[in-house]
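So the structure is just underneath, and the comments pick up after that.
There are 2 protein chains.
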Amino acid sequence: MKNVITISRQYGSGGREIGKKLADKLGIPFYDNELINLAAKESGFCASVFENAENKATNSLLYSIAMGMNAYGNQELGFTNLSLDDRIYLAQSDVIRKVAQKGPCVIVGRCADYVLKDTPGVINVFIWADIDFRIKRVMESDNLTEAKVIERIQKIDKGRANYYNYHSSEKWGRAENYHLSLRSDFIGIDSCADCIKSYIEYANNK
Amino acid sequence: MKNVITISRQYGSGGREIGKKLADKLGIPFYDNELINLAAKESGFCASVFENAENKATNSLLYSIAMGMNAYGNQELGFTNLSLDDRIYLAQSDVIRKVAQKGPCVIVGRCADYVLKDTPGVINVFIWADIDFRIKRVMESDNLTEAKVIERIQKIDKGRANYYNYHSSEKWGRAENYHLSLRSDFIGIDSCADCIKSYIEYANNK
């Protein structure tokens, strides 16, 4: 059964909402902030340390320097020489693997597609949308001015891309990293969830 | 109505076959090599000159040099200072615009998504597939050894990427260039055509 779904998404594209709707339609768990809290509990870190891990990586060079290149080579030796961010990533990855092992679920963000790349039964989805749609959505949900929203979208997407590119050595938003990529504003949030559900059914019936 | 569908595809991914099936399901024309011949007739060029235009661009730097950077700035002055390849591209683009104006259709390759980027009612699709699936497909269809097929896939995909990146100033295979991107081997050729058809219906019913 191919029923572990990871969703990567541009900020404001509705990716999180699509993931939630999909999980509801399939009757399976949805992991987003819950995942952060789970990770926090498992590792003994404070939850607030985790919350911005994915979004704060706004400069790829500085991020790489801060994280220490090739730090993962030390993973098997325990946490020696790993930065706090690396340790958070490893703890999150551990949780992602555990929830995926438990059974079908939807996981949003946190490089889950890359963390689970060798796990059978995983389907990776990318959601993007027209910039005007994203600006409108974030202005409405967060009650911010257009200028503030544009700044926030650029900052958060840059952070997500750097976080993904650093941890995965792949390119965020490259079609080949995902089984299915969708432009959400063109068909709507609900239809995206239906579209992903159809793809899962096609994969399971193949 | 959103019924002009462009399909970009990795070599061997089944993108052309998916496009043909989709056109049949929708009862609309399908343009691939026919497009080349149409372009040849319209421009007065010999058809054979056109046939390899998309696939031969195997080195991006050499390609850019050969094509002459910023050559398009001269488009309005007629064909002065344009290379043969530029003239072929412009003639093809002209045909793509004309067939899209005529009505619903499926167009495979030739940067059609970029050529039609300001045309309302266009849906852009990208098809990719696992490398083993592609190798097997090409070995079977062209009766070649695995080594020859791998070489051909690398060469043709590099050519398609360079052709697209040069003409569009965008990145081939970036999810954000396409409304819908699909991994074809995971659900099968038929299901891909159905999946695209559903996306079109969702877009038209929105």
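Chains A and B are the protein sequences, given in the same order. Numbering-wise (this note's numbering), the first sequence opens with residue 243 and increments by one. Numbering-wise (this note's numbering), the second sequence opens with residue 243 and increments by one. All residues carry an ideal CB built from backbone N, CA and C; glycine is no exception. This one's a predicted model, so the numbers in the text were calculated from it and none came from an experiment.
- Under the DSSP assignment, CYS347(B) falls in the beta strand (DSSP E) whose first and last residues are 347-350.
- The Cβ neighbour count for THR387(A), taken over all protein chains shown within 10 Å, is under 16; the residue is labelled exposed.
- Chain A has a Cβ within less than 7 Å of the Cβ of GLU418(B).
- Inter-residue distance for LEU280(A) and ASN404(A) is about 24 Å (C-alpha atoms, whole angstroms).
- Contact of GLY257(A) with chain B is not assigned, every C-beta pair being separated by 7 Å or more.
- By the C-beta criterion, the segment 419-426 of chain B is judged to be in contact with the segment 366-386 of chain B, since at least 3 inter-stretch pairs fall below 8 Å.
- If you keep only unbroken beta strand (DSSP E) runs of at least 3 residues inside the segment 357-384 of chain B, you get 364-370.
- Contact with chain B is absent for SER410(A), since none of that chain's Cβ atoms lies less than 7 Å from the residue's Cβ.
- In the assembly as shown, THR248(B) is a buried residue. Its beta-carbon has 16 or more other beta-carbons within 10 Å.
- Using a 10 angstroms sphere on the CB of LEU277(A), the tally of other CB atoms reaches 16 or more, which defines it as buried.
- Cβ neighbours of TYR253(A) within its own chain (closer than 6 Å, five residues either side excluded): ILE395, ILE398 and ASP399.
- For ILE369(B), no Cβ of chain A is located within less than 7 Å of the residue's own Cβ.
- For GLY430(A), the neighbours in chain B by C-beta distance under 8 Å run, in chain order, TYR444 and LYS448.
- Contact between ALA445(A) and ILE429(B) holds: their C-beta atoms lie close to 5 Å from each other, under 8 Å.
- Taken atom to atom, the span from the alpha-carbon of GLU412(A) to that of TYR406(A) is near 7 Å.
- For ARG425(B), the enclosing beta strand (DSSP E) begins and ends at 422-425.
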